[in-house]
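Heads up, the sequence shown is in the numbering used here, so the first residue is 45 and it goes up one at a time.
Step one of this worksheet: look at the structure below.
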Amino acid sequence: MTPNLVYLGLVAVLFSCGVFLLLERSLTRVLLGILLLGNATNVLILSTSGPAGGAPIVGRTPDAEMSDPLPQALILTAIVITLGVAAFMLALIHRSWVLGEREDVVDDPEDLRVISEHRRLDEESQVEPGESPYDSGDDLGPRTPPGVRETRP
């Protein structure tokens, strides 16, 4: 059994485009990326499932000519899961549009505060070239991390 190279090329293109769209800020593009990833998974399962054969009904088709029903069941399950995720994403996109009239991913204010605090601490604890921030303290490193005041009773 050798998989068709056209199918494998299609899987590679669908996966790469799906991941690219999944990393975008627009929720519509994220939805399209999820759909492309779902379709790529279906084509991958189809291309690796083996040659086409007869219907897997005992008595109608000889055993040697029957196709394996498991990949077909997996593809059907993947289609249903992709449909459910797409419906959920459409609901999120609609809710985002109704509440804020925008459909892109917005940054959480708490996340922005944590990032700015982390950058401020990094700027305050600049180390001179040739020095290590772990020079003070014992063999386990500094007693307190940079930017944290040491408190003793």
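Note that beta-carbon positions come from the ideal geometry of N, C-alpha and C, so glycine has one too.
In this text the structure is predicted, and so the values were computed from the model without any measurement.
Residue i burial status per 10 Å Cβ neighbour count (16 or more: buried)
{"i": "Leu-49", "result": "exposed"}
{"i": "Leu-134", "result": "exposed"}
{"i": "Ala-99", "result": "exposed"}
{"i": "Ala-84", "result": "buried"}
{"i": "Val-55", "result": "buried"}
{"i": "Leu-88", "result": "buried"}
{"i": "Leu-71", "result": "buried"}
{"i": "Leu-58", "result": "buried"}
Three-way DSSP call (helix, strand, coil) for residue i in this model
{"i": "Val-74", "result": "helix"}
{"i": "Gly-144", "result": "helix"}
{"i": "Val-150", "result": "coil"}
{"i": "Thr-105", "result": "strand"}
Separation of residue j from residue i, as counted between CA atoms
{"i": "Gly-97", "j": "Thr-121", "result": "21 angstroms"}
{"i": "His-138", "j": "Pro-106", "result": "51 angstroms"}
{"i": "Val-74", "j": "Glu-68", "result": "6 angstroms"}
{"i": "Glu-161", "j": "Ser-60", "result": "35 angstroms"}
{"i": "Ala-117", "j": "Leu-52", "result": "21 angstroms"}
{"i": "Ser-93", "j": "Asn-86", "result": "11 angstroms"}
{"i": "Glu-109", "j": "Leu-136", "result": "46 angstroms"}
{"i": "Val-124", "j": "Gly-144", "result": "30 angstroms"}
{"i": "Pro-113", "j": "Pro-95", "result": "12 angstroms"}
{"i": "Pro-153", "j": "Ser-111", "result": "54 angstroms"}
Own chain, CB closer than 8 angstroms to residue i, minus 5 neighbours either side, in chain order
{"i": "Ile-78", "result": "Gly-62, Leu-66, Thr-126, Val-129, Ala-130 and Met-133"}
Near the ligand NAD: residue i beta-carbon under 6 angstroms from a heavy atom
{"i": "Met-133", "result": "Only the bare structure without any ligand can be found here, which leaves the ligand NAD out of the picture."}
Chain-order list of residues whose beta-carbon lies under 6 angstroms from that of residue i (same chain, five-residue window excluded)
{"i": "Leu-81", "result": "Gly-62"}
{"i": "Val-150", "result": "none"}
Beta-carbon separation (whole angstroms), residue i vs residue j, contact threshold 8 angstroms
{"i": "Pro-115", "j": "Leu-76", "result": "Contact flag wrong, Cβ pair sits at about 25 angstroms."}
Own chain, CB closer than 7 angstroms to residue i, minus 5 neighbours either side, in chain order
{"i": "Leu-163", "result": "Reading off the sequence, residue 163 comes out as Arg, not Leu. Excluding residues within five positions, none has a Cβ falling inside 7 angstroms."}
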